[in-house]
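Novice: Okay, handing you the structure first.
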Amino acid sequence: DYMSLPLMIRENTIIATGNVDSRPDYDYSDGITFRLFEIKDGADLSSKVYDLDGNVETLATVKRNGRIVEMEVKNLKNKKKKWEVVIYDKVKNIDGGDIKLERVGTRIVPTKENIKFELEGELNGR
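First residue of the sequence shown: 17, per the numbering used here; consecutive thereafter.
See the structure below:
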């Protein structure tokens, strides 16, 4: 499992991970997890997920203002696909999803394509 490898990940990074590890060709946008790392105040980020033909299928945007993080995930082919977010921070209030605490970080299971949540703790640049 490559997620157990120690990696240095730059702040303000979104890494999209798929849910299939048994083959390289599958519907990458279905069941995708967006992993958010050290999203700093003022960040305005995006991540694209491509289909098997090399076309952008899903676009995720993340904006942070103070402790508030807003995320939108759009499937550009207008298909309903499941997606989740893992943020390596504590979340206390959420609109548009359910929180599941993990060993490391917080998993958010959205109930709509836009979610808005508040991070716990001190700002101190984070």
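Beta carbons: idealized from backbone N, C-alpha and C, even for Gly.
Heavy atom of the ligand ATP less than 7 Å from the Cβ of Val120, yes or no?
Specialist: Ligands in the displayed structure: none, and consequently the ligand ATP is not present.
Novice: The beta strand (DSSP E) with Ile103 in it runs from where to where?
Specialist: Sequence index remark: in the sequence shown, residue 103 carries index 87 (1-based). Its beta strand (DSSP E) spans residues 99-103.
Novice: Can you give the beta carbon distance from Glu134 to Asn109, rounded, assuming they're within the 8 Å contact cut?
Specialist: As a first step, residue 134 is located in the sequence shown; it is residue number 118 there, counting from the start. As a first step, residue 109 is located in the sequence shown; it is residue number 93 there, counting from the start. About 4 Å separates the two Cβ atoms, so the contact holds.
Novice: Please go through the same chain and pick out, in chain order, the residues whose beta-carbon is closer than 6 Å to the beta-carbon of Asp145, but skip the five residues on each side of it.
Specialist: Residue 145 falls outside the range modelled here, since the chain spans only 17 to 142, and no answer is possible.
Novice: When you compare only the Cα positions, how much space is there between Lys96 and Pro22?
Specialist: Numbered from its first residue, the sequence shown carries residue 96 at position 80. Numbered from its first residue, the sequence shown carries residue 22 at position 6. One C-alpha to the other measures close to 33 Å.
Novice: Please name the residue or residues paired with Ile31 in a DSSP beta bridge.
Specialist: The sequence position of residue 31 within the sequence shown is 15, counting from 1. Bridge partners of Ile31: Arg51.
Novice: Where does Arg80 land, buried or exposed, given buried means 16+ other C-beta within 10 angstroms?
Specialist: Against the sequence shown, residue 80 aligns to sequence position 64. The residue is buried, with at least 16 neighbouring Cβ atoms inside 10 Å.
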